[in-house]
Each structure stands twice: as C-alpha cells, then as structure tokens.
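2 protein chains.
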Amino acid sequence: MKKAKKRLGKKRITLVEIASAAEVSAITVSRALRNPQSVSQELRQRIQQIVDDMGYVPDAAASALASARTNVIGVLIPSVTNNVFADVMRGIYAEAEASAFRVQLGNTRYSLIEEERLLRVFLSQRPAGLIVAGVDQSESARAQLLQAECPIVQIMEVGHDPVDMMVGFSHHRAAFAATRHLVERGYRRIAFLGARMDPRTQRRLQGFVQALEEAEMLDEKLIVTTPRASTVSLGCELMSELLARAPDADAVFCNNDDLAVGVLFEAQRRRIAVPHQFGICGFNDLEIMAVANPALTSVRTHREEMGRKAMRMLIDRIGGKHIEPRLIDLGYELVARESTARNAGAPAPV
Amino acid sequence: MKKAKKRLGKKRITLVEIASAAEVSAITVSRALRNPQSVSQELRQRIQQIVDDMGYVPDAAASALASARTNVIGVLIPSVTNNVFADVMRGIYAEAEASAFRVQLGNTRYSLIEEERLLRVFLSQRPAGLIVAGVDQSESARAQLLQAECPIVQIMEVGHDPVDMMVGFSHHRAAFAATRHLVERGYRRIAFLGARMDPRTQRRLQGFVQALEEAEMLDEKLIVTTPRASTVSLGCELMSELLARAPDADAVFCNNDDLAVGVLFEAQRRRIAVPHQFGICGFNDLEIMAVANPALTSVRTHREEMGRKAMRMLIDRIGGKHIEPRLIDLGYELVARESTARNAGAPAPV
DNA sequence: TTGAAAGCGCTAACAT
DNA sequence: ATGTTAGCGCTTTCAA
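Residue numbers (UniProt numbering), protein chains in the order written: chain A, 1 to 350; chain B, 1 to 350.
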C-alpha cells in the first residue's frame with residue numbers, strides 16, 4: 001500500500017523526474033528544453049528521448065512563477081462575431097504563430113465595465129504584451145494600462161495620446177471621404193445608416209456630418225441610427241425606416257458593409273434602381289462588396305494588416321527593439337464601384 | 001542605499017505585503033479574497049480596502065502552481081474568420097461570462113499538426129476543461145486528449161467514440177435532407193459546390209452523394225470542389241466553373257452559405273432565373289439567407305446553442321455533476337425559402 | 001475564524 | 001557545459 005501523499009492531486013511527471021531518469025540535474029533538463037544549444041548534443045538527445053517516453057508536459061504556471069514572465073499576448077476586442085475583428089484577429093494570429101507567443105482573447109462586448117474586468121484578469125497573468133481595441137477606455141482601465149509593465153498597442157484608431165503604441169486609421173477622415181464621394185457623384189439627399197453606435201461609428205458619423213455641412217446638404221432627418229448590432233437584415237430594416245422618414249433620400253453612407261448589403265437587398269425588393277435612383281456606399285470593403293449586383297462601393301480598411309502590425313510591434317518591443325514611430329496610421333482607400341456610379345467624375349448639376 | 005535584490009525584476013505588490021499592512025497573515029488575505037464568507041465581516045472590509053488602495057493584483061501563476069488548478073477553458077477551433085465558428089464562440093463566451101472561467105482560444109487553421117502543438121501548449125497550463133472541434137484528431141492528439149485530466153467536449157459533429165463528451169449534429173444526414181429537398185422540388189441535375197473540403201464538408205458531400213444515388217441522379221461531373229477557403233466570391237467562381245462543365249445543371253447544394261450567396265450573384269449576372277431555372281440551397285442558415293433576393297434556402301444549424309451547451313457541460317462537470325447523456329445531437333432544420341420554390345410540394349414530373 | 005509551516009514545479013543567479 | 005541553492009507568490013494541510 002502506498003503512503004498517503006502530503007499534498008494530494010494526480011501526479012504528473014515533473015522536471016525532477018526527467019532529470020533523475022537522465023541522471024542529470026533539473027536545471028540541465030530545463031535548459032535542454034528551452035535552449036537546446038546550451039547543452040551537449042548527446043545529452044540533448046537523451047533528454048528529449050526520455051521526455052517523449054515519459055510524456056512530460058512542462059508546467060506553465062511554475063515556469064511563469066519562477067521566471068516572472070509568460071509568452072501570453074492578451075487581446076481585448078469588443079466583439080468576436082464581427083467580421084471586422086475577425087480579420088484583425090487573423091492578422092494577429094498570423095504574426096503570433098510565427099513566434100513563441102500565444103494569444104489570449106478577451107471579448108469586451110462593447111462594455112467598458114467588462115473591459116476593466118478583463119484587463120484585471122489579463123494583468124494578473126503578467127502578459128508579455130497587450131493589444132486593446134480603441135482609445136475610449138474608462139478612466140480606471142486607462143490607469144491600469146498606464147501602470148502595466150508590458151508593452152501595449154491600441155488598434156483600430158489613431159488618436160492623440162497613445163497609452164504606449166498605436167496602429168489604426170482615422171474613422172472621421174474615412175467617413176468624410178466616403179461622403180464627399182457621394183456628393184461628387186451627384187447625390188443630394190445623402191443619408192447615414194448607423195448600427196451599434198460605438199465610438200468608432202460615432203466618429204464616422206462626425207465625418208459624415210462635417211462633409212455634408214461643408215456641402216450645405218446636411219439634413220438630420222437623413223441620419224438613422226440604432227444601438228443594435230449591425231447585420232444584413234438590420235440594413236433592410238434601417239433602409240425601410242429611412243424611406244418612411246425621408247422618401248426623397250437618394251443615397252446612403254452605411255456605417256458598415258453588412259448594412260450596405262441589406263440596403264441593396266431592400267432596394268431590389270422595392271424596385272429602386274441602384275445606382276441611378278439611389279447610391280450606396282459601405283464601410284470596410286468586405287469581400288462580398290465586389291461581387292454583389294451591382295458591385296458595392298466601400299471604404300477599404302486594412303484590418304488584417306492592422307493586426308499583423310500590432311503584433312509585430314509588440315514582439316519587436318518585447319525583444320528589446322526601440323519602436324519608432326509609436327503611432328502608425330494605416331489609412332483607408334475609397335473603392336468606387338457600380339453602386340455609386342450615377343454620374344461618375346462630373347460635378348453635380350444644380 | 002538599498003541593498004541589491006537577490007532576484008531582480010520589478011516588484012509588484014504581493015499577498016504578504018497586503019497581509020502585513022492589514023496586520024493579519026497571508027492566508028487570511030488569500031481567504032478574504034477567494035472566499036469572503038470565511039473571514040469576519042470587519043476583516044473582510046479592511047482587507048478589501050487595503051487591496052484597493054495598494055492596487056494589489058493576484059499572481060495567477062502562483063495561484064495555479066499552489067492549487068494545481070486554473071480557471072482556463074481551452075477552445076480549439078480550425079478558423080477564427082469563419083462565421084460558423086464565430087457563432088459557436090459567441091455561445092461559448094456567453095456561457096463562460098456568467099461563470100468564473102476564462103476562455104483561451106486556439107486556432108488550428110485546419111491543420112492536424114497545429115492542433116497537436118496547441119493541445120500540448122494548452123495542456124501545459126492545466127486547463128479546467130477543453131473544447132475541441134471535430135472528431136478527426138490525429139492519433140497523437142487523440143492520445144493526448146485521452147490522457148488529459150480535465151473534462152473535454154468535442155463539438156460540431158456526432159460520432160461513435162467520444163473522447164469524453166460531445167455536442168453536434170450529423171453533417172451527413174443534414175446534407176442528405178437538403179439534397180432530398182432539391183429532388184422533391186423537381187430539380188434533376190443537382191450539383192454540389194464544396195470549398196475547403198475539411199472533414200465536415202466531406203461528410204456533407206457523402207450525404208449528398210447518398211441522396212442522389214438513391215434517386216438515381218448522381219453525376220460526378222456535377223460535383224465541384226476546391227481546397228480554397230469558402231467566400232462569396234469563390235461561390236461566383238465555382239458557379240462559373242460548374243456551368244462551364246455542365247451547362248444543364250439546374251440546382252446546387254452548396255457546402256455553405258457564403259458559396260450559396262455567390263452562386264446567387266453569379267446567376268443574377270448571367271440572367272439565370274432563381275428558382276425557376278436554377279435552385280440554390282446553402283448550409284448553416286446565416287442571417288443573410290433570409291433577406292437575399294430571392295431568399296435562400298438553407299439548412300439551419302444550432303451553432304450558438306452548440307457553444308453554449310458545450311461550455312455548460314464542461315462547467316457542470318467541473319462542478320462535480322455527473323453528465324448524462326455524454327453525446328448530444330442538436331440536429332438541424334431545413335429552412336425552405338424562395339430559392340428552391342420551383343415546384344413546391346408536388347412530386348417531380350418525369 | 002485565524003495562523004504556521006511546508007511546499008507546488010520551475011528557473012535565476014552564481015558557481016565550477 | 002553542467003550543477004547548487006534559493007526562491008517566485010500563492011494555497012494546502014494541520015493546528016489552535
């Protein structure tokens with residue numbers, strides 16, 4: 001009969017057991033695994049063999065505790081279902097996979113409270129780095145970020161005072177450009193459709209408003225927003241609401257592409273001719289925009305690149321590099337397609 | 001002048017410092033934070049106050065090491081950009097957020113090697129539980145899962161020998177039902193469009209094949225597949241390829257909804273009347289299907305529910321409950337819409 | 001309800 | 001190239 005253990009819990013193989021099987025000290029096994037060159041060829045192979053045979057799995061907690069560091073990069077984004085963030089995540093993962101870092105994803109669900117909570121959880125893990133979406137953290141969250149002892153990249157936007165580093169673009173300017181495009185194509189009763197109304201959407205609305213004010217075309221009646229999450233079907237609904245409120249609307253800038261696709265479908269159902277009677281411009285340029293009928297105009301944003309770059313900056317910085325500049329503006333690109341080709345190029349008739 | 005520390009590294013506040021500030025022992029502070037009822041009211045408040053004032057953040061690694069457990073649920077899925085998994089993740093997060101568990105996401109990118117690697121990383125963290133997509137792990141990955149000392153849920157499919165627990169549905173049967181539907185609606189030259197061709201897609205193809213064999217309508221020429229990831233624009237391409245190969249095709253069962261939307265767009269461009277000349281059925285029933293013109297038929301799958309249920313089973317099991325049954329079939333639902341309404345109900349003419 | 005002592009499994013620092 | 005020693009910060013166990 002076995003003696004009762006002082007501490008219970010299923011035993012798993014430890015470094016010490018590997019070490020005694022290999023007849024070396026624990027630290028040598030540790031080195032052989034973490035930094036194979038630091039150990040002689042013969043030993044390295046012998047140890048690896050024993051590790052495989054015994055099915056040794058290192059204990060990440062013990063390692064983190066002893067070394068006071070981890071290979072975890074925390075990522076805080078407001079949505080896991082939104083295509084925009086899915087693309088950013090793809091960039092982040094792409095860059096992470098080539099490195100020794102692991103990504104830990106936190107979903108704030110557009111809640112500042114949840115963001116604070118997750119930040120606390122993440123920081124308790126001594127992450128190697130942090131990527132957070134946006135610049136609108138709560139005061140307390142911002143304080144936590146400023147105190148954090150790891151590098152941090154804010155993504156999605158550009159703004160004045162980065163907590164540390166930043167990669168994004170100006171939503172205001174991008175929306176301004178899209179709205180100007182509609183004006184230049186001869187549309188006169190240009191509407192805005194916005195869902196969710198998170199800070200980035202708000203800034204796009206401001207860009208829209210500024211462009212139409214300058215063109216002396218702004219009509220508040222043409223701004224339709226909802227706090228609901230954007231979907232294609234919501235685009236249909238908002239389009240219906242817009243037409244009920246303002247039947248003379250002749251174009252729309254949608255806060256994102258899902259809405260734009262919904263608007264197109266609704267226009268088709270109502271036999272409204274796009275782009276001749278009605279122009280549509282989306283935001284983000286998801287791949288569906290290029291193949292819809294008619295193809296939909298949008299503002300292309302560099303989402304995957306944003307994720308990649310953020311991760312790259314983090315890894316470089318963790319590696320000790322000096323990062324300059326700390327604020328990167330990835331810009332945007334207006335992609336004009338059939339859905340706004342009413343009056344291409346020519347100035348609008350009065 | 002301070003004496004040099006034996007171990008360097010930025011100091012952060014520890015439990016002991018809180019304890020001495022509160023003039024109690026470390027274990028009391030630990031208890032006050034983890035299990036407030038176990039400490040007197042007065043002490044609890046005093047300790048909480050000090051914790052807040054000093055900005056104490058517990059060290060997750062130390063806690064994990066000492067207690068040999070974590071609150072991490074590892075989730076392994078093959079894609080972070082695929083809408084299907086995004087919905088599953090939403091379910092997982094929804095259930096996790098109501099609990100004390102955190103989700104750690106791993107992206108296998110449809111690679112068995114990557115899955116093995118991630119499994120190793122995850123297991124080194126002593127996760128409280130694991131959710132893995134599919135039943136087609138490599139032999140070595142399956143061995144790792146069987147040895148793991150935490151509960152595990154396989155999702156997305158149902159199959160004979162669960163590693164532990166399982167929540168999913170039969171892709172074979174779902175595809176069979178969709179194909180039968182097209183047969184019943186009077187289509188005779190029914191094609192299959194498949195992208196990615198992962199194991200679940202393969203099983204859908206088998207369901208398709210079986211249905212058409214039984215109807216004596218199978219023609220291999222009508223099966224168009226590609227290893228590329230599915231997108232709307234790929235749907236357009238595959239549709240073009242299908243029509244080049246088999247101009248007499250009169251319906252298509254698409255491996256997923258993105259392809260189906262692409263097929264619709266391509267049909268519109270070619271002035272092919274849907275559903276009269278050509279029927280379209282997708283898979284998953286993303287929300288866009290219901291609002292497209294015409295509305296697209298699809299097979300609804302319960303993705304968010306799958307995520308929720310998997311997480312729920314895990315949490316219950318970690319909490320010591322006995323879970324029965326260990327295999328849950330969530331089924332599917334054929335949602336017939338305009339895109340297959342050629343000959344509703346009536347048996348096919350010969 | 002509170003405390004003292006003893007590790008958890010690993011790695012940093014300092015040898016050799 | 002390899003070993004010795006001493007913790008990392010917390011929680012378990014046992015005791016009061």
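C-beta: ideal position from N, C-alpha, C; glycine also. None of the values given here were measured: they were computed from a predicted structure.
Pairwise C-alpha distance: residue j and residue i
i	j	result
Y93/B	V274/A	39 Å
D250/B	R303/B	30 Å
T108/B	V232/B	23 Å
R120/B	Q144/B	8 Å
Y332/B	T297/B	13 Å
A295/B	L259/B	14 Å
M217/A	V209/A	9 Å
V103/B	L330/A	31 Å
I47/B	T14/B	13 Å
E338/A	M289/B	23 Å
P162/B	C150/A	41 Å
A98/A	R326/A	23 Å
L182/B	G207/B	13 Å
N255/B	A310/A	34 Å
R228/A	V135/B	36 Å
A19/A	Q41/A	16 Å
I328/B	A148/A	44 Å
L43/B	K321/B	34 Å
S25/A	R117/B	27 Å
L112/B	Q137/B	7 Å
V29/A	R142/B	27 Å
L222/A	S79/B	39 Å
E115/A	R189/A	39 Å
A215/B	E184/B	10 Å
Q45/B	N35/B	13 Å
F265/B	E266/A	15 Å
P58/B	L334/B	50 Å
Contacting residues, own chain, Cβ-Cβ under 8 Å from residue i (five flanking each side not counted)
i	result
V224/A	A191, F192, L193, G194, L238, E241, L242 and R245
V16/B	A26
R284/B	A quick correction: the sequence has Asn, not Arg, at residue 284/B. Hits under 8 Å: N83, V84, N256, D257, S298, V299, R300, T301 and R303.
Inter-residue CB distance, residue i and residue j (contact presumed, cutoff 8 Å)
i	j	result
G106/A	R308/A	Incorrect: roughly 20 Å between the Cβ atoms, too far for contact.
T81/A	A341/B	So it is not a contact: roughly 30 Å between Cβ atoms.
R196/A	S140/A	Going by Cβ atoms, the distance from R196/A to S140/A rounds to 23 Å, so no, they are not a contact pair.
T291/B	I280/B	Residue identity differs from the one stated: residue 291/B is Val in this sequence, not Thr. Not a contact, Cβ separation roughly 15 Å.
residue 351/B	L234/B	With chain B represented from 1 up to 350, any question about residue 351/B goes unanswered, as that position is not in the structure.
A61/B	A100/A	With a Cβ gap of about 17 Å, A61/B and A100/A do not count as contacting.
A211/B	V299/B	In fact, because the Cβ distance is near 13 Å, the residues do not count as touching under 8 Å.
V167/B	M54/B	Their Cβ separation, rounded to whole angstroms, is 44 Å, which puts V167/B and M54/B out of contact at 8 Å.
N293/B	Q268/A	5 Å
Own chain residues within Cβ distance below 6 Å of residue i, not counting five before or after
i	result
G345/A	The predicted model places G345/A with a pLDDT of 48, which falls under 50 and marks its position as unreliable; any figure quoted below should be read in that light. There are no such residues.
P349/A	With a pLDDT of only 43 at P349/A, under 50, the local geometry of the prediction cannot be trusted, and no value is derived from it.
M313/A	V153, M165 and I323
Y187/B	D250, A251 and G279
L8/A	Residue placement at L8/A cannot be trusted, given a pLDDT of 37 that sits under 50; the coordinates are not used to answer.
A336/B	T297
R271/B	none
Y56/A	I13 and I18
V88/A	R303, M306 and G307
A96/B	V103 and M311
Cβ neighbours of residue i in the same chain (closer than 7 Å, five flanking residues each side left out)
i	result
S38/B	R31
residue 386/B	Nothing about residue 386/B can be read from this structure; chain B reaches only from 1 to 350.
D198/A	P78 and Y110
M1/A	Model confidence at M1/A stands at a pLDDT of 30, short of 50, so the residue's coordinates are unreliable; what they give is reported in the following sentence. There are no such residues.
F176/A	G207, Q210 and A211
Self-check item: Residues of the segment 283-303 of chain A with Cβ closer than 8 Å to any Cβ of chain B, in chain order
Solution: E287, I288, A290, V291, A292 and N293
Quiz item: If you pair each beta-carbon of the segment 125-139 of chain B with each one of the segment 69-80 of chain B, do three or more pairs fall below 8 Å?
Solution: yes
Quiz item: Using 8 Å as the Cβ pair cut-off and three pairs as the minimum, do the segment 154-167 of chain B and the segment 57-69 of chain A touch?
Solution: no
Self-check item: Residues of the segment 227-253 of chain A with Cβ closer than 7 Å to any Cβ of chain B, in chain order
Solution: T231, V232, S233 and C236
Quiz item: Can you find at least 3 beta carbon pairs, one from the segment 195-204 of chain B and one from the segment 160-175 of chain B, that sit closer than 8 Å?
Solution: yes
Quiz prompt | Residues from the segment 44-63 of chain A in contact with chain B, defined by Cβ distance under 9 Å | solution = G55, V57, P58, D59, A60, A61, A62 and S63
Quiz item: Just by C-beta distance, which residues in the segment 307-327 of chain A are closer than 7 Å to chain B?
Solution: none
Quiz prompt | Cβ-based contacts, 8 Å cut-off: residues of the segment 120-148 of chain A near chain B | solution = R120, V121, L123, S124, Q125, R126 and Q147
Practice problem: Could you run through the segment 100-112 of chain A and flag, in chain order, every residue whose CB is less than 9 Å away from some CB of chain B? | Solution: R102, V103, Q104, L105, G106, N107 and R109
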